[in-house]
Amino acid sequence: MTLIRWLDSFDIGIPAIDHEHRELVDLINTCHDRLVEDPSGNDVGDFLGRIFDRITAHFTHEEIEMLQLEFPEYWPHKADHERLLDELRDIMNTWSSSNDFDDASLASRLELWFMIHFRTFDARLHRFVAQQA
Ligand SMILES: [Fe+2]
Ligand SMILES: [Fe+2]
Numbered sequence: 368m369t370l371i372r373w374l375d376s377f378d379i380g381i382p383a384i385d386h387e388h389r390e391l392v393d394l395i396n397t398c399h400d401r402l403v404e405d406p407s408g409n410d411v412g413d414f415l416g417r418i419f420d421r422i423t424a425h426f427t428h429e430e431i432e433m434l435q436l437e438f439p440e441y442w443p444h445k446a447d448h449e450r451l452l453d454e455l456r457d458i459m460n461t462w463s464s465s466n467d468f469d470d471a472s473l474a475s476r477l478e479l480w481f482m483i484h485f486r487t488f489d490a491r492l493h494r495f496v497a498q499q500a
């Protein structure tokens with residue numbers, strides 16, 4: 368079962384960015400599919416760690432870009448990234464302390480966060496980038 372469905376509302380209308388966001392969602396789904404297919408070889412903690420790494424790499428990429436461009440909305444944008452990473456850390460901590468993990472709740476949190484962040488913070492950043500070109 369696909370963890371995160373790609374929703375039309377994720378698209379921000381800038382093909383290169385939409386492509387990168389789709390790749391991020393695809394990678395998360397691929398890691399999740401492997402976990403479901405072979406639970407013995409893929410621990411939930413390992414799966415959550417991979418999601419965290421992928422998302423962190425994407426955020427770092429955007430944050431470096433914002434710093435280089437002296438983008439005025441750097442701090443609030445970074446704070447919104449941190450908010451999702453904190454939520455993921457909570458989910459990972461809950462898993463490691465109680466082995467409690469709820470697929471559906473992870474999916475709905477990520478979907479909701481992506482839906483809002485892509486359309487607001489990321490769309491503004493990439494409009495700014497387009498204006499600089
Ligand atoms: Fe972002
Ligand atoms: Fe992004």
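Heads up, the working numbering is the position in the sequence shown plus 367, with the first residue counted as 1. Don't be surprised by glycine CBs; every beta carbon is placed ideally from N, CA and C. These numbers come from a predicted model, not from an experiment.
Burial check for Ile483: the Cβ neighbour count within 10 Å stays below 16, so the residue is exposed.
With respect to the 8 angstroms criterion, Ile371 and Leu451 are not classified as neighbours on the basis of their beta carbons. Short note on Glu404: C-beta not closer than 7 angstroms to any heavy atom of ligand 1.
Each of His399, His388, Val403, Trp462 was checked against the Cα of Phe426, and the nearest Cα belongs to His388. The shortest CA-to-CA distance from Leu391 to any of Asp420, Glu432, Asp410, Gly412 is the one to Asp420. Within 7 angstroms of the C-beta of Glu429 there is at least one heavy atom belonging to ligand 1. The straight-line gap separating the alpha-carbon atoms of Met368 and Trp480 is approximately 20 angstroms. Here the alpha carbons of Gly416 and Gly408 stand approximately 15 angstroms from one another.
In this structure, DSSP gives Thr369 a state outside helix and strand, which the three-state scheme calls coil. Between the alpha carbons of His399 and Met459 lies a distance of about 15 angstroms.
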